[in-house]
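Taking it in order: structure first as structure tokens, then the write-up.
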């Protein structure tokens with residue numbers, strides 16, 4: 242066993258890479274759930290984003306365009322869920338599960354011709370001065386655009402929910418949709434926008450897997466990332482910075498256990514592979530077991546505008 | 320000269336199967352307190368929703384200051400100067416007072432300015448509020464203040480209040496009335512919806528009475544007797560329940576030092592509850608909602624086991640008994656929430672009978688249900704308690720609130736309990752049904768049962784109970800004979816308006 246092959250600076254750097262897909266999906270889902278909607282289709286929206294991003298990037302050789310298209314298509318894809326649950330009043334849990342199944346099937350179909358290809362990747366940003374700092378530069382300032390963008394989105398969501406009027410309306414809709422309706426707020430419209438945002442960020446997260454983390458297309462390559470994103474939202478008590486924290490713990494343990502496997506640790510591989518899921522959940526459960534959970538009171542409840 | 324603020328002309332609105340409003344016309348003058356009176360289902364709520372832009376009328380016109388007024392949304396109504404305090408509060412528990420208020424405004428200032436404004440306006444009207452507090456932590460009375468301040472910040476011309484006093488202590492009602500009279504003196508009109516007649520006589524200048532969606536009369540409540548008002552409202556005379564005074568028997572249920580934590584996050588834990596319940600008496604427990612009523616009910620019915628103290632029935636300890644064990648010894652209960660707690664909405668009335676009467680009526684043998692017997696008992700309840708339903712096979716959810724309440728209470732009473740615990744027996748029930756439920760409780764007590772009635776309706780408690788106590792923050796006040804009590808004393812026992820008194824002193 243040779244632990245010296247594990248380089249802390251590289252570890253942190255790859256931690257951020259491995260956490261970003263989940264972070265993007267989870268922050269979007271946090272907004273959706275804050276508006277009172279439970280969308281279990283995160284996995285499906287992610288993999289649709291992954292395949293669409295891959296196809297566009299391979300055909301145009303422009304990874305950034307791939308990301309943009311992934312966000313747009315997954316946003317539209319999430320509208321299937323939105324229309325079914327918000328206008329046709331279908332059950333949110335069943336519809337979300339259905340969305341995941343449709344997404345997995347659809348992506349397998351679309352991605353068939355692209356199996357085994359390699360995609361162009363985003364170049365790491367060359368940040369002057371900051372990138373040249375000895376250890377920190379490598380750790381934090383030599384990443385591609387999407388990593389910074391994902392942190393920026395978390396900050397924006399935090400700011401939006403805490404300081405803007407629109408953010409307050411969104412929280413109010415998630416808290417008590419009947420009261421929000423009585424005050425004249427458009428419950429369904431707010432929720433549709435939130436669902437669309439969640440779809441778009443999930444798409445970005447999926448595309449980050451197929452365009453940056455493992456730059457190729459394999460069927461079912463999101464491999465449960467959407468589900469762990471859903472769990473992170475709950476255990477992060479719906480708070481943006483805790484979502485970031487949870488995603489990075491997950492990313493960190495994932496990278497660490499991969500490194501341990503490579504270093505030939507004497508723990509069975511199966512235990513190492515399950516460790517990220519286990520540790521992330523244990524840590525977040527400990528955090529959320531203290532005090533107010535902050536679940537939006539109307540989460541998952543159907544809304545019928547009574548006249 | 321009196322100027323009209325809002326004129327309603329021939330307003331009609333119907334829903335599939337129901338005519339909510341039919342050709343209703345009346346005027347509200349500037350600076351007038353106008354009462355809208357009627358039973359549940361008379362169409363009051365639909366009418367105010369039309370005024371507030373939540374519902375569009377099928378026909379008829381509104382005139383505001385002489386100009387046509389057609390609010391399409393609540394926001395338009397607010398801009399025209401109409402503000403509304405809802406019956407079921409439209410508040411968000413997880414948000415702060417300031418956030419809640421700003422959600423109800425069209426151009427809210429930033430949170431800091433708003434906080435100061437809330438403070439100054441709430442002090443000016445004698446309704447103190449802390450803008451940074453989370454609404455979930457406030458009492459019901461304080462929550463109502465949030466709603467009122469939200470309206471006042473917009474300088475409304477017309478303030479609509481939907482049953483504002485049903486949740487307040489007498490002292491809080493006095494404070495509210497002072498605020499309303501101050502508003503009136505400033506030229507604000509108030510549309511006041513209630514079915515509490517004494518209040519309307521005290522406060523209102525004019526009253527419009529609705530019955531079954533139609534306007535039946537307009538009167539000056541100060542010159543009309545309560546009895547007359549009630550008859551106009553119901554359309555017939557109401558029999559008041561008759562109470563016979565007789566000495567209470569021996570102690571049946573003894574509660575000593577019971578403490579219990581609350582199941583819900585915003586609930587109130589019980590501390591050291593001690594009292595006893597005698598044969599043939601009705602003990603009334605009053606108090607503002609959320610002061611431990613639900614917790615007391617749960618501990619007595621056996622839904623929750625008290626952590627400390629003891630409950631004994633006939634001198635045997637039943638503290639740890641489950642609800643079914645308690646039913647077996649004749650301790651029955653009827654919770655406040657009809658749908659989902661007392662009855663399963665999607666199950667038939669027969670099935671709902673089985674839920675609580677299975678043991679006492681012997682409806683199950685060897686694990687098989689005796690449907691014939693269940694049906695017969697269901698029909699007995701329906702007949703004796705005048706439950707209006709097409710048949711016992713209909714679901715509980717299809718019954719109106721009043722009818723289901725009669726069914727739920729009747730189901731327990733016809734099992735002839737030794738001890739009967741009931742929470743809010745007539746909540747949201749029309750006057751005729753309420754009076755028949757009260758009569759049934761009195762009859763049951765005359766036959767020797769011990770009854771505990773938890774209620775927020777003080778008139779009801781004074782009418783039927785022999786002794787009275789109030790719950791306040793999970794503690795029980797002294798128990799006093801109802802006959803010796805004045806409203807003022809009751810208010811003090813409920814103790815809900817302490818901060819207000821201190822301020823107004």
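Protein chains in written order, with the numbering used here: chain A, 242 to 548; chain B, 320 to 824.
Even for Gly, the Cβ is constructed at its ideal location relative to N, Cα and C.
The structure presented is a predicted model; accordingly, all values stated were derived computationally and were not measured.
- By the neighbour-count definition (other C-beta atoms within 10 Å, threshold 16), residue 334/A is an exposed residue.
- Put simply, the CB of residue 782/B is far from chain A, with every gap to its CB atoms at 8 Å or more.
- With the criterion set as a beta carbon lying under 9 Å from some beta carbon of chain A, the members of the segment 408 to 421 of chain B are 408, 409, 410, 411, 412, 413, 414, 418, 419, 421, in sequence order.
- Neighbours of residue 668/B across chain A, judged by C-beta separation under 8 Å, do not exist; the nearest C-beta is about 25 Å away.
- Scanning chain A for C-beta atoms nearer than 7 Å to the C-beta of residue 405/B yields 423, reported in chain order.
- Taking a C-beta distance under 8 Å as the contact criterion, residue 766/B and residue 532/B do not qualify as a contact pair.
- Segment contact: the segment 343 to 351 of chain B against the segment 396 to 411 of chain B, fewer than three CB-CB distances shorter than 8 Å; contact not assigned.
- Contact between residue 723/B and residue 662/B holds, with the beta-carbon distance rounding to 6 Å and staying under 8 Å.
- Scanning 660/B, 593/B, 609/B, 530/B for the CA closest to the CA of residue 749/B turns up 530/B.
- Our two residues, residue 489/A and residue 587/B, have alpha carbons roughly 39 Å apart in a direct line.
- Between the segment 453 to 461 of chain A and the segment 348 to 367 of chain A there are three or more C-beta pairs closer than 8 Å, enough to call the two in contact.
- Contact between residue 484/A and residue 260/A does not hold, since their C-beta atoms are separated by about 11 Å, which reaches or exceeds 8 Å.
- Three or more Cβ pairs drawn from the segment 777 to 789 of chain B and the segment 797 to 815 of chain B lie within less than 8 Å of each other, which places the two stretches in contact.
- Contact between residue 519/B and residue 354/B holds, with the beta-carbon distance rounding to 5 Å and staying under 8 Å.
- In this structure, residue 473/A lies away from residue 434/A, with their beta-carbon atoms at least 8 Å apart.
- In the pairwise beta carbon analysis, the segment 279 to 296 of chain A is classified as not touching the segment 490 to 498 of chain A: fewer than three pairs are separated by under 8 Å.
- With respect to residue 422/A, residue 538/A sits apart: the two C-beta atoms are not nearer than 8 Å.
- Residues of chain A whose Cβ lies closer than 8 Å to the Cβ of residue 392/B are, in chain order, 425.
- Within chain A, no residue has its beta carbon less than 9 Å from that of residue 327/B; the closest one is some 19 Å off.
- Rounded to whole angstroms, the gap between the alpha carbons of residue 405/B and residue 466/B is 8 Å.
- Contact annotation: residue 478/A and residue 535/A have beta-carbon atoms nearer than 8 Å.
- Neighbours of residue 423/B across chain A, judged by C-beta separation under 8 Å: 424.
- For a Cβ distance threshold of 8 Å, residue set 409, 410, 411, 412 of chain B lies close to residue 417/A, ordered along the chain.
- No Cβ-Cβ contact shorter than 8 Å links residue 740/B with residue 594/B.
- In the DSSP assignment, residue 657/B falls outside any beta strand (DSSP E), carrying neither H nor E.
- Residue 483/A is bridged by DSSP to nothing; it lacks a bridge partner.
- Scanning the segment 447 to 528 of chain B for uninterrupted beta strand (DSSP E) segments of 3 residues or longer gives 477 to 481, 508 to 513, listed from N- to C-terminal end.
- Against chain A, the beta carbon of residue 489/B has no neighbour under 8 Å; the closest one sits roughly 28 Å away.
- Segment contact: the segment 323 to 333 of chain B against the segment 365 to 384 of chain B, three or more CB-CB distances shorter than 8 Å; contact assigned.
- Per DSSP, reduced to three states, the secondary structure at residue 432/A is helical.
- Between residue 449/B and residue 494/B, the gap from beta carbon to beta carbon reaches 8 Å or more.
- For residue 403/B, there is no enclosing alpha helix (DSSP H); the residue is found in the beta strand (DSSP E) stretching over 401 to 404.
- Chain B places no beta carbon closer than 8 Å to that of residue 431/A, leaving this residue out of the contacts.
- For residue 427/B, the residues of chain A that pass the 8 Å Cβ criterion are 406, in the order they occur in the chain.
- Minimum Cα-Cα distance from residue 505/B among the listed residues 792/B, 780/B, 447/B, 350/B corresponds to 350/B.
- Residue 732/B sits in a helix when the DSSP states are folded into three classes.
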